[in-house]
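As given, the protein sequences belong to chains A and B, one line each in that order.
Quick note: the first sequence uses this note's numbering, first residue 1, plus one each step.
Quick note: the second sequence uses this note's numbering, first residue 1001, plus one each step.
2 protein chains.
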Amino acid sequence: MALEGRFDEAAGVVRVGDDARQRYHDSRGYGYPLEGNEIALAPVEAAHLLYRGDLEAVVDDSGERLDFRAFVAREPGRKFGVRFLVYADLRSRGFYLSPASEPWVADPPEEPADFAVFPRGKGPGDGEIEYALRVIGERTDVPAGELTAGVLAVVDEESEITYFEVSRRDPSGTTGATLPDGCEADLLADRVVVWEPPVDLYESAFYGQPLEGREYDKPTLQCSLLEAAYLAERGAIALEPTAVRERGREVEGERFDRRLAVYTTLRERGVVPKTGYKFGADFRTYADVESVENLGHSELLIRVHPDDYVFEPRDLALDVRLAHGVRKTMAFALVDEAGGVDWWSLERLTP
Amino acid sequence: MALEGRFDEAAGVVRVGDDARQRYHDSRGYGYPLEGNEIALAPVEAAHLLYRGDLEAVVDDSGERLDFRAFVAREPGRKFGVRFLVYADLRSRGFYLSPASEPWVADPPEEPADFAVFPRGKGPGDGEIEYALRVIGERTDVPAGELTAGVLAVVDEESEITYFEVSRRDPSGTTGATLPDGCEADLLADRVVVWEPPVDLYESAFYGQPLEGREYDKPTLQCSLLEAAYLAERGAIALEPTAVRERGREVEGERFDRRLAVYTTLRERGVVPKTGYKFGADFRTYADVESVENLGHSELLIRVHPDDYVFEPRDLALDVRLAHGVRKTMAFALVDEAGGVDWWSLERLTP
């Protein structure tokens, strides 16, 4: 027999009595207990019970009886539509989940989240949270400063949901190589040519890209302005670092200094950054380069952004989708005014 | 025996005599004939011959002898570095190619291009052009109004080259379906719910997305604001078209009207547009939908832009790479002030 709920609009919950506590809370993880034998349901929980036919109606403050359609049309609560869709999706995948706040959960996640999702087979009372889940529509901007570790559920305009795991992730590697000293080089409009460098500069340390097919036996290396700035600063090539950096700024504006900060940090961490152009990213990175001959695949794609950047979910979907398609992980390097870098990675998640 | 050239800096060509005409022009497609037995070489052609050791040096106006390195350091001519790299790459792939202007080619391509590339096995004199090729560095912006049919070669910062075939491409399809009349629907914050529509609205015409798992036998369809605006305008759902469009603009700003113009055009052409969110695009499209049960894969990913949009090559690389990875073609819909649409497609090309 389906029960009826009472919409306490001031408190923003739906109260249900009778045997709701045993049927919906104790055995199925909905809501939280009130005095007596009532339970309080969040609007998305009440909507889900209406949706499934477990609640017949919800009566509002004026006495109007609302069925699923009418309750949904009220859009009770912030982001109701997208939160309901995610709630329903995770329920259908066999998870228990609750609003990520007291009194639904005794120990809510530290980071702001919409839902606490429990490990499969466990419920709200077991005290273990699998995912701290945040829900957004695809048109919701995400300022970089508001990124939090956890799961991000993005609901697109046709109500499909994509889940992302957002984690802090500092890249590190084992690549190290001695740099040469004062190699001859020329600064061109948008690149640098290094003439007859020691063969290890490319073969072991993976700087630049050889110019192929010269009939003379004179290895020539082309470097990006970024690589060249790094090498010039360390005296490995005989160019004025200032001149190379100036050229870099001419070509790419303020992006250049940000990318150089990230490039430098990566090299210092033993990671080899190469251009990510073909993947639409700033860098692709190799953690453990011993020789170019035995090069594995790059593991990360990195996008460099200022720390006040605002992400659009659609671009996140694109970046992560591409990375996944080429078996790499998408990472973001957020650079502050002083050149400090904050690292995040985003991966597609199937809950 | 390697020859020497003379750099005529005013004319911007390198002149070579002796048997250059027979050795470099007649048999290998470099340069164009001058009076007597001299030929004139474009700077990239001269650089290539220096590179290969066929020219020993180029003497400039002041009498200085320039080897490959010194000639390159001069950066003779606009976009010299990137044009040289593409020239060398295509030569190494077995193509003959020339600057795309007279007198190198008798009949240059109509569209502005850097090089005329000839079909494999054919040369400048055979009168057949395989590709009208334009060369840019990865940091060069491409205004939408400057897109031309042909091949675009993008040289990244580490001198790798990606080739794109740019074509005009009007989508068309065979999907047609009768629309229902006045279905009940509710306008929510960022989507629309259609209550108990005829089953064909989704099953044959592929509008919306069903809400799954309802225990009642009441099919419920969620539509995007875009689909809903289109349906409302045609009386298929009982919502005020103006209200839906207003909501669309609240959610996505001016993009909404552009996307609606493209959505409408596609439906009119018998193509079914669905959201492209998961691919970071505006739409994925199906040309021939008979029923959702027998749905094939979508063929195109479409990005919608205003006609004054400026493309960044890095984003083009990303879009095209993703499309290729999911076996679709990337297309761009450029929308003018009046809602007219110009269609382009971009595909990766291996010359």
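Cβ atoms here follow ideal geometry from the backbone N, Cα and C, with glycine treated the same way.
Quick check: the segment 1081–1091 of chain B against the segment 1125–1137 of chain B, are at least 3 beta-carbon pairs closer than 8 angstroms?
As far as the Cβ criterion goes, the segment 1125–1137 of chain B touches the segment 1081–1091 of chain B, which means the pair count is three or higher.
With distances taken Cα to Cα, identify the nearest neighbour of A/ALA73 among A/VAL44, A/ARG52 and A/ALA100.
Measuring C-alpha to C-alpha distances from A/ALA73 to each of A/VAL44, A/ARG52 and A/ALA100 identifies A/VAL44 as the nearest.
Can a CB atom of chain B be found closer than 8 angstroms to the CB of A/THR264?
It does not; no Cβ of chain B falls within 8 angstroms.
Would you list the residues sitting across from A/PHE283 in a DSSP beta bridge?
Its beta-bridge partners are A/THR275 and A/ILE302.
Proximal residues to B/ALA1238 (C-beta, below 7 angstroms), its chain only, five neighbours per side dropped:
Taken in chain order, the residues that qualify are GLY1182, CYS1183, GLU1184 and ALA1185.
Whole angstroms is fine: what's the gap from A/GLY5's alpha carbon to A/ALA20's?
Near 9 angstroms, if we compare the C-alpha coordinates of A/ALA20 and A/GLY5.
Which residues in the same chain have their Cβ closer than 7 angstroms to the Cβ of A/THR285, if we skip the five residues on either side of it in sequence?
So the qualifying residues of the chain are PRO171, LEU266, VAL271, VAL272, PRO273, SER298, GLU299, LEU300 and ILE302.
In chain B, which residues lie less than 8 angstroms from A/PHE279 when you measure between Cβ atoms?
Chain-order list of chain B residues neighbouring A/PHE279: ALA1317, LEU1318 and ARG1321, by C-beta distance under 8 angstroms.
Contacts of A/ALA73 in chain B (Cβ-Cβ under 7 angstroms)
Going along chain B in sequence order, the residues near A/ALA73 (Cβ under 7 angstroms) are ASP1186.
The alpha helix (DSSP H) with B/ASP1315 in it runs from where to where?
Under the DSSP assignment, B/ASP1315 falls in the alpha helix (DSSP H) whose first and last residues are 1313–1325.
One question on the structure: do A/GLU233 and A/GLY208 come within less than 8 angstroms of each other, judged by their Cβ atoms?
Between A/GLU233 and A/GLY208, the C-beta spacing is not below 8 angstroms.
Taking the C-alpha atoms as reference points, what is the distance between B/SER1062 and B/GLU1056?
Between B/SER1062 and B/GLU1056, the alpha-carbon positions lie close to 17 angstroms from each other.
Test: B/GLU1158 CB closer than 8 angstroms to a CB of chain A
Residue contact with chain A for B/GLU1158: present (Cβ-Cβ distance below 8 angstroms to some residue of chain A).
Does B/SER1027 get closer than 8 angstroms to chain A when you measure Cβ to Cβ?
Interface with chain A (8 angstroms Cβ-Cβ cutoff): B/SER1027 is excluded.
By Cβ distance, which residues of its chain are closer than 6 angstroms to B/ALA1205, with the 5 residues on each side in sequence left out?
For B/ALA1205, where only same-chain residues beyond five positions count, the Cβ hits under 6 angstroms are ALA1177.
CB contact flag (B/LYS1278, A/ARG327, <8 angstroms):
For B/LYS1278 and A/ARG327, no; Cβs fall outside 8 angstroms.
CB-CB under 8 angstroms to A/ARG249, same chain, minus the five flanking residues each way: which ones, in chain order?
Same-chain partners within the cutoff: PHE256 and ASP257.
Cβ of B/LYS1122 within 8 angstroms of any chain A Cβ
It does not: the Cβ of B/LYS1122 has no partner Cβ on chain A nearer than 8 angstroms.
Sufficient close CB pairs (3 or more, under 8 angstroms) joining the segment 117–132 of chain A to the segment 1154–1170 of chain B
A contact between stretches requires three or more CB pairs, one per stretch, nearer than 8 angstroms, and the segment 117–132 of chain A fails this requirement with the segment 1154–1170 of chain B.
Nearest-angstrom beta carbon gap, B/TYR1024 and B/LEU1050 [assumed within contact, 8 angstroms]
The pair is not a contact, with the Cβ atoms about 12 angstroms apart (cut-off 8 angstroms).
Residue range of the unbroken alpha helix (DSSP H) whose run includes A/ASP89:
According to the DSSP assignment, A/ASP89 belongs to the alpha helix (DSSP H) that extends over 80–92.
Based on Cα-Cα distance, which residue from B/PHE1311, B/ALA1010 and B/TYR1030 lies nearest to B/PRO1143?
It is B/PHE1311 whose Cα lies nearest to the Cα of B/PRO1143.
Per DSSP, which residues does B/GLY1137 bridge with? Please list them.
Residue pairing by DSSP puts B/GLY1137 in a beta bridge opposite B/VAL1155.
Can you list, in chain order, the residues of its chain whose CB lies under 7 angstroms from that of B/ARG1269, leaving out five sequence neighbours each side?
Beyond the five residues adjoining it in sequence on each side, B/ARG1269 comes within less than 7 angstroms, by CB distance, of PRO1171, SER1172 and GLY1173 in the same chain, given in chain order.
Hey, is B/LEU1022's beta-carbon within less than 8 angstroms of any beta-carbon in chain A?
The sequence as given places Gln at residue 1022 of chain B; Leu does not occur at that position. Under the 8 angstroms criterion on CB atoms, B/GLN1022 is classed as non-interfacial with respect to chain A.
Do A/PHE95 and A/PHE118 count as a contact pair if the criterion is CB distance below 8 angstroms?
Yes, the pair counts as a contact, with Cβ atoms nearer than the cut-off.
Contact criterion: CB-CB distance below 8 angstroms. Does B/LYS1328 meet it with respect to chain A?
No, B/LYS1328 does not count as interfacial toward chain A.
What residue does the beta strand (DSSP E) around B/VAL1199 start on, and which one ends it?
No beta strand (DSSP E) contains B/VAL1199, which DSSP labels as neither H nor E.
Exposed or buried, B/THR1329, counting other C-beta atoms within 10 Å across all chains shown (16 or more means buried)?
When all chains shown are included, B/THR1329 counts as buried.
Compute the Euclidean distance between the alpha carbons of A/VAL194 and B/PHE1068, then round it to the nearest angstrom.
Between the C-alpha atoms of A/VAL194 and B/PHE1068 there is a straight-line separation of about 13 angstroms.
Please compile the residues from chain A whose C-beta is within a distance smaller than 9 angstroms of the C-beta of B/THR1162.
Correct list: TYR277 and LYS278.
Any C-beta of chain A sitting closer than 8 angstroms to the C-beta of B/VAL1086?
Closer than 8 angstroms: no.
Would a C-beta distance cut-off of 8 angstroms place B/ALA1261 and B/GLY1325 closer than the cut-off?
Result no, Cβ atoms of B/ALA1261 and B/GLY1325 do not sit closer than 8 angstroms.
Taking all protein chains shown into account, do 16 or more other C-beta atoms lie within 10 angstroms of the C-beta of B/LEU1201, making it buried, or fewer, making it exposed?
Buried: at least 16 other Cβ atoms inside 10 Å.
Through-space distance from B/SER1098 to B/ALA1031, alpha-carbon basis
With the sequence shown as reference, residue 1031 of chain B is identified as Gly, and Ala is not the correct amino acid for it. Going from the Cα of B/GLY1031 to the Cα of B/SER1098 covers about 7 angstroms.
Note down the Cα distance separating B/VAL1013 from B/ILE1129, rounded to an integer number of angstroms.
Approximately 23 angstroms, taken between the alpha carbons.
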